[in-house]
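*Asks:* Quick note on the working numbering: the sequence shown kicks off at 1281 and runs consecutively. Below is the structure I would like to discuss, written out as structure tokens.
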Amino acid sequence: MKNQYLNDVLETVKKRNAGEPEFIQAVTEVLETLEPVVEKRPDLVEAGVIDRLVEPERQIIFRVPWVDDSGKVQVNRGFRVQYNSAIGPYKGGIRLHPSVYIGIIKFLGFEQVFKNSLTTLPMGGGKGGSDFDPKGKSDGEIMRFCQSFMTELCKHIGADCDVPAGDIGTGAREIGYMFGQYKRLRNEFTGVLTGKGLTYGGSLTRTEATGYGLCYFTKEMLAANGKSFEGQKVVVSGSGNVAIYATEKATEMGAKVIAMSDSNGYIHDENGIDLAAVKQLKEVERKRIKEYVKDHPTATYTEGCKGIWTIPCDIALPCATQNEIDGESAAILAKNGCFAVSEGANMPSTPEAIEVYFANNMLYGPAKAANAGGVATSGLEMSQNSQRLSWTFEEVDAKLHSIMKEIFKSCDEAAKQYGMEGNYMAGANIAGFLKVAEAMKAQGCV
Ligand code: NDP
Ligand code: 2IT
């Protein structure tokens, strides 16, 4: 970066957060795109907005003890990072995965601040999680873990303060157990979590929202560049919540999804993936994706995740996890003629991969914008809970659709305004930043 002030901020971030490469990666990407803003808006620099933005407001780390089915005590570590509350209560998911540590939760919380700002809804940014591994656990074990996790977390959250939701490893089942425990401990039935079941305050369309939203955003990006999903071959990584509903909507929009994956490997079928079978395996039976080929003779299964990016496709939708596309995979995608990458997962592309996208003039839909449909619909769930009403599927879906269109528009316009037309990553960072920055400046040095 040329800007000395931003370089100094980044140096401080590196020193203060040594050993947290994902957090430093997320901050670096944003600071690099804020150079033109810093030049145009010395008032924001003066107000110390960026110096404050790179430090979370609050970080909570706690012990999560629970008893497994054999009667043995297990101990996990729980996290909640309340990153920024300038424009609304902290809002963001809970990730349950053995790789979770404070650096992962901080990078996700940082990204969430900008993403939530882009939704146009009044939500600050936060993220939580645990190094608990839900794989292979019984329902009883999952419940006891979730109850113990919430026993501590409930001291720090609330419908007007901090509203968690799902993320990797946290779906409707986990949210249900957490909500039940919150209600029992606090004796309050409030919208303290989103992604709830439909019988107790959940919103229609929330399950589908991230994947559908990703396709709504991508459709806008493609249309702005004279393209569409119609007749395109699509590769979707992951086979969880985001991947499944991205596949559903992309197919509805006329594309053919030819590959999906999990953390063990990927399935490939040039005839198109049978999504009902994937739903049954992943949502109902909680089995591995390799089981798919047993009943699908034209499909192949390959061990290892990275190979999925060697399958020739037109559009890639990474929907699994951070840094799943590196420079090498991006180069293979480009060589095979892939012309668009749009991110369902958070930070799925390494900085090297992003360089490859730009060098090859590929369309790039950055996570903060492209996957904001999930949290946007969480925001709509909060509104319904406050009103004590529930809206129809069509109503919520229509609102989600128009939010995603608006998000694309603001990324596109901000990129143009700051001289980086077509760079939706810069556009998302700048548009997301400006709203939060104005609010932080207006509220003084807090
Ligand atoms: P799920 O737990 O439902 O699914 C995650 C999928 O990704 C699974 O197929 C999983 O495979 C795979 N995966 C997870 N970790 C890894 C890994 N380290 N390497 C390879 N594959 C992996 O999570 P979601 O679908 O909810 O989340 C997917 C991504 O989307 C995450 O980056 C999340 O932060 C992001 N996101 C989620 C939103 C939501 O509303 N749920 C909203 C916005 C973004 P396996 O089953 O083998 O673990
Ligand atoms: O990364 C994300 O935006 C989410 N996991 C969803 C957060 C939410 O509060 O719905």
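Here a beta-carbon is modelled for each residue, glycine too, at the ideal position from N, C-alpha and C. Note that this is a predicted model, so its numbers are computed, not measured.
What are the boundary residues of the alpha helix (DSSP H) that includes Tyr1698?
*Replies:* Tyr1698 -> no alpha helix (DSSP H), and no H or E assigned at all.
*Asks:* What are the uninterrupted segments assigned as alpha helix (DSSP H) that are 4 or more residues long and contained completely in the stretch 1553 to 1601, given in chain order?
*Replies:* The DSSP assignment places 1555 to 1559 as complete runs of the alpha helix (DSSP H) inside the stretch 1553 to 1601, in order along the chain (cut-off: 4 residues).
*Asks:* Between Lys1282 and Glu1309, is the Cβ-Cβ spacing less than 8 angstroms?
*Replies:* The answer is no: Cβ separation not under 8 angstroms.
*Asks:* Using CA atoms only, rank isn't needed, just tell me which of Lys1648, Gln1664, Leu1669 and Ile1605 is closest to Glu1635.
*Replies:* The shortest Cα separation from Glu1635 among Lys1648, Gln1664, Leu1669 and Ile1605 belongs to Ile1605.
*Asks:* Any heavy atom of the ligand 2IT closer than 7 angstroms to the CB of Lys1371?
*Replies:* yes
*Asks:* Given a cut-off of 8 angstroms, decide if Gly1699 and Ala1625 are closer than it, judged by their beta-carbon atoms.
*Replies:* no
*Asks:* Of all the options Pro1336, Val1514, Lys1567 and Cys1426, which has the alpha carbon lying nearest to the alpha carbon of Asn1616?
*Replies:* Val1514
*Asks:* Tell me the rounded alpha-carbon separation between Ile1505 and Ser1418.
*Replies:* Before going on, a small fix: residue 1505 reads as Asn here, not Ile. Distance between the alpha carbons of Asn1505 and Ser1418: 48 angstroms.
*Asks:* Going by the DSSP bridge assignment, what does Ser1541 pair with across the sheet?
*Replies:* Tyr1546
*Asks:* Please find out if some non-hydrogen atom of the ligand 2IT comes closer than 7 angstroms to the beta-carbon of Thr1479.
*Replies:* no
*Asks:* Can you round the beta-carbon distance between Cys1691 and Ala1717 to whole angstroms, since I take them to be within the 8 angstroms contact cut?
*Replies:* The pair is not a contact, with the Cβ atoms about 16 angstroms apart (cut-off 8 angstroms).
*Asks:* Nearest to Ala1351 by alpha carbon, out of Lys1570, Arg1424, Tyr1462 and Leu1494?
*Replies:* Note on residue identity: the sequence assigns Gly, not Ala, to residue 1351. A check of alpha carbon separations from Gly1351 across Lys1570, Arg1424, Tyr1462 and Leu1494 identifies Arg1424 as the nearest.
*Asks:* Tell me which residues share the same chain as Phe1688 and place their Cβ nearer than 8 angstroms to its Cβ, disregarding the 5 neighbours each side in the sequence.
*Replies:* For Phe1688, where only same-chain residues beyond five positions count, the Cβ hits under 8 angstroms are Phe1497, Glu1500, Met1501, Ala1504, Ala1649 and Tyr1704.
*Asks:* Could you give the C-beta distance for Pro1227 and Cys1441, rounded to a whole number, given that I count them as a contact under 8 angstroms?
*Replies:* Summary: the structure shown does not reach residue 1227, with the chain confined to residues 1281 through 1726, and so no result is reported for it.
*Asks:* Does any heavy atom of the ligand 2IT sit closer than 7 angstroms to the C-beta of Ala1445?
*Replies:* Flag set: Cβ of Ala1445 near the ligand 2IT.
*Asks:* Find out if the Cβ-Cβ distance for the pair Lys1386, Phe1303 is shorter than 8 angstroms.
*Replies:* Pairing Lys1386 with Phe1303 gives a Cβ-Cβ distance under 8 angstroms.
*Asks:* Could you check whether the Cβ of Gly1654 sits closer than 7 angstroms to any heavy atom belonging to the ligand 2IT?
*Replies:* Gly1654 Cβ: within cutoff of the ligand 2IT.
*Asks:* Would you mind listing the beta strand (DSSP E) stretches within the stretch 1361 to 1435 that are 3+ residues and don't spill past its ends, in chain order?
*Replies:* 1370 to 1376 and 1405 to 1410
*Asks:* Can you check which of these residues, Lys1463, Pro1444 and Phe1713, is closest to Phe1359 by C-alpha distance?
*Replies:* Pro1444
*Asks:* Just to confirm the assignment: which complete alpha helix (DSSP H) runs, minimum length 4, are found wholly within the stretch 1602 to 1673?
*Replies:* 1607 to 1615, 1631 to 1639, 1647 to 1650 and 1653 to 1667
*Asks:* Bridge partners of Asn1356, per DSSP?
*Replies:* Val1344
*Asks:* In three-state DSSP terms, what is Ala1445?
*Replies:* strand
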